[in-house]
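Notes follow the structure.
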Amino acid sequence: MIVDEPGLVLELAGRYHRAAVDRMAEALRVIFPPGFAERIGADAVDDLADCILRYAAMVLLLPSTQPLDTPDDLRAFARRHFLPSLPMALRGVPA
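Mapping of the sequence shown onto my numbering: residues 314 to 408, in sequence order.
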């Protein structure tokens, strides 16, 4: 669908973004270590969920001069682009 109908994907992303953020935030609360979500706060969890979804959409929809085919490629992308854009509440927070 992303390749065949990118316009529709963007339309649906805009329409359902809030619901997707809510679901991602709930998933993060499940996978975080016990007490971590409470320590960083609900706003930081929501911000991280939004950040993850925006970067996932960017990787899936936009062309790149760098390959993003392997786990190592994705890790390099995350180090270069994703980690610096994390919400302030998550920078330097020990796990």
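All C-beta atoms, glycine included, are put in the ideal place defined by N, C-alpha and C.
- Close CB contacts of residue 354 within its chain, under the 8 Å cut and outside five residues either way in sequence, are with 402 (chain order).
- A residue is called buried once 16 or more other Cβ atoms fall within 10 Å of its Cβ, and residue 332, having fewer, is exposed.
- Taking a contact as a CB-CB distance under 8 Å, the pair residue 315 and residue 337 does not count as one, their CB atoms being some 18 Å apart.
- Between the beta-carbon of residue 399 and that of residue 361 there is about 7 Å, and that keeps the pair under the 8 Å contact cut.
- For the alpha helix (DSSP H) assignment, the uninterrupted runs of no fewer than 4 residues enclosed by the segment 327-355 are, from N- to C-terminal side, 349-353.
- Under the 8 Å Cβ criterion, the segment 372-379 counts as touching the segment 315-326, having at least three qualifying pairs.
- Under the DSSP assignment, residue 390 falls in the alpha helix (DSSP H) whose first and last residues are 384-390.
- A Cβ-Cβ contact shorter than 7 Å links residue 358 with residue 341.
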